[in-house]
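Engineer: Structure in structure tokens, see below.
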Amino acid sequence: MKLSYLTDPSDEQWERLRPLLPCAKPAGRPCSVDTRAIVNFIFYIIAAGYAWRMLPKDVLKWKTVYHYFRAW
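Just remember that my numbering sits 485 ahead of the position in the sequence shown, which is counted from 1.
Quick look at the structure:
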């Protein structure tokens with residue numbers, strides 16, 4: 486069961502945000518990480534002001550979220 490946080494965008498907000506995110510590269514292996522979960526945790530870090538290593542461990546590793554944050 487996935488936990489939800491107050492900082493998670495609603496379904497309507499997610500539909501508006503999704504087209505703004507970069508698409509996966511056509512070559513190489515497909516993305517194995519849920520993009521919405523990455524966005525949720527980025528919002529969580531921004532709102533809470535935590536260090537990256539303090540991300541909850543219920544879904545993703547902090548290094549994965551930080552990688553996408555830096556890439557985007």
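Note that CB positions come from ideal geometry on N, CA and C, so glycine has one too.
This one's a predicted model, so the numbers in the text were calculated from it and none came from an experiment.
Could you tell me whether the Cβ atoms of Ala509 and Leu545 are closer together than 9 angstroms?
Structural biologist: Here residue 509 corresponds to residue number 24 of the sequence shown, with the count starting at 1. Here residue 545 corresponds to residue number 60 of the sequence shown, with the count starting at 1. No, these two residues do not count as a Cβ contact at 9 angstroms.
Engineer: Tell me which same chain residues have a C-beta within less than 7 angstroms of the C-beta of Tyr553, skipping the five on either side of it?
Structural biologist: Translated into positions along the sequence shown, residue 553 becomes position 68. So the qualifying residues of the chain are Ile523.
Engineer: Using CA atoms only, rank isn't needed, just tell me which of Ala556, Thr549, Asp543, Trp547 is closest to Ser489.
Structural biologist: For the purposes of this step, residue 489 is taken as the residue at position 4 of the sequence shown. Per the Cα distances, Asp543.
Engineer: CB-CB under 6 angstroms to Arg514, same chain, minus the five flanking residues each way: which ones, in chain order?
Structural biologist: Translated into positions along the sequence shown, residue 514 becomes position 29. None.
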